[in-house]
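Structure, as structure tokens:
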């Protein structure tokens, strides 16, 4: 069941049409709720925007090929180590991953592990529709960081 050195496909697909997710981010004693909006731009850049429901921007990142660009990011997440962790998480979400492996898999969920020790990340995918995860939970056990994404259905306002 554990993966070999083969690259895993992206967890989520960025598309030309904006993909929207409910976002819950818990870091230490800070809790943020809002929306994650992801869109693939014409030049293949993936734009990742996190904002509160009231419109306050939490972060604005870009992924172009394998390059991670911080367009903006609010405190307390604007620390070098935190940005590196978010970079790794978003690369694992939207790009092929050669450093992650599948720990558990069934017809209803999949669990991927990336890194070891302090950098260990657990991705839990569930609610699959047409092969795409409807719910993704990202946990960093040693630094008390948890990110949960729930795909918003564009047919239901």
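In our numbering, the protein residues as written are 174 to 330.
For each residue, glycine too, the CB sits at the ideal point set by N, CA and C.
- Under a 10 Å Cβ-count criterion, residue 226 is classified as exposed, with fewer than 16 other Cβ atoms of the shown protein chains found around its own Cβ.
- In the same chain as residue 198, and ignoring 5 residues on each side of it, the C-beta atoms closer than 7 Å to its own belong to 205 and 320, in chain order.
- Bounds of the beta strand (DSSP E) holding residue 320 are 318-324.
- For residue 218, the CB contacts under 8 Å within the same chain, skipping 5 residues up- and downstream, are 235, 236 and 237 in chain order.
- Sorting 317, 241, 296 and 292 by C-alpha distance to the C-alpha of residue 185 places 296 at the top.
- Counting C-beta pairs with one atom in each stretch, the segment 275-291 and the segment 243-252 have fewer than three that are closer than 8 Å, which means they do not touch.
- If you draw a 10 Å sphere on the C-beta of residue 242, you find fewer than 16 other C-beta atoms in it, and that means exposed.
- The alpha-carbon of residue 262 is positioned some 8 Å away from that of residue 311.
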